[in-house]
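Step one of this worksheet: look at the structure below.
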Amino acid sequence: MQQGLVEFGWTFIFQIVNTLIIFLVLRRFLFKPTTEFMENRTKSIEDAIEEATTKNKEAEEIKAQYEVKLDNIKDERNQIIKEATKRADEKGDEIIKAAQAEAQKIIEKGQQDIQREKQKTLNELKDQISTLAIMAASKVIEEELNEKAHKKMIEQFIKEVGETQWQN
Numbered sequence: 004m005q006q007g008l009v010e011f012g013w014t015f016i017f018q019i020v021n022t023l024i025i026f027l028v029l030r031r032f033l034f035k036p037t038t039e040f041m042e043n044r045t046k047s048i049e050d051a052i053e054e055a056t057t058k059n060k061e062a063e064e065i066k067a068q069y070e071v072k073l074d075n076i077k078d079e080r081n082q083i084i085k086e087a088t089k090r091a092d093e094k095g096d097e098i099i100k101a102a103q104a105e106a107q108k109i110i111e112k113g114q115q116d117i118q119r120e121k122q123k124t125l126n127e128l129k130d131q132i133s134t135l136a137i138m139a140a141s142k143v144i145e146e147e148l149n150e151k152a153h154k155k156m157i158e159q160f161i162k163e164v165g166e167t168q169w170q171n
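Be aware that the sequence shown starts at 4, since it is given in my numbering, and climbs by one per residue.
Below is the structure:
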């Protein structure tokens with residue numbers, strides 16, 4: 004054989020065989036476990052991403068449900084407040100109407116009391132005037148009417164009427 008850059012001989016064959024053996028050993032003990040590790044790692048990362056995506060979707064659904072529930076609660080709260088305000092307004096109106104009716108009754112009773120007192124006072128005055136008139140008439144009858152006695156009797160009558168009115 005000729006000697007050139009590359010010699011084909013036993014050395015070359017041993018080098019190729021050694022290279023193949025090293026390749027097979029590395030493949031068996033290094034490349035295969037590394038590839039399996041990388042595939043397992045990739046699969047676990049993909050599973051984690053898929054699980055996170057699923058959990059995220061579930062969380063979004065739960066969030067949407069809670070937002071709907073929260074909106075319903077807010078609507079219910081507003082409705083309750085509206086009804087309570089309406090009831091309070093109605094109750095206030097009832098109280099005002101009752102107070103106005105009571106005030107009207109008090110006013111009417113006061114007017115009736117005033118009217119009764121007025122009538123009572125008028126009756127008392129009539130009784131007093133009647134009594135005074137009878138007293139005056141009896142004095143006139145007792146005394147003879149001369150001018151001097153007549154003036155005296157009128158002055159006495161006025162004096163007695165004045166005293167009687169001031170006493171009552």
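Note that the Cβ used here is the ideal one computed from N, Cα and C, for glycine as well.
Model, not experiment: these values are computed from the prediction.
Across the structure, residue 85 and residue 107 are spaced so that their CA atoms are roughly 33 angstroms apart. When only Cα atoms are considered, residue 134 and residue 99 end up about 52 angstroms apart. Taking the C-beta atoms as reference points, residue 160 is found no nearer than 8 angstroms to residue 140. The three-state secondary structure of residue 95, taken from DSSP, is helix. Put simply, the backbone Cα of residue 137 is about 10 angstroms away from that of residue 131.
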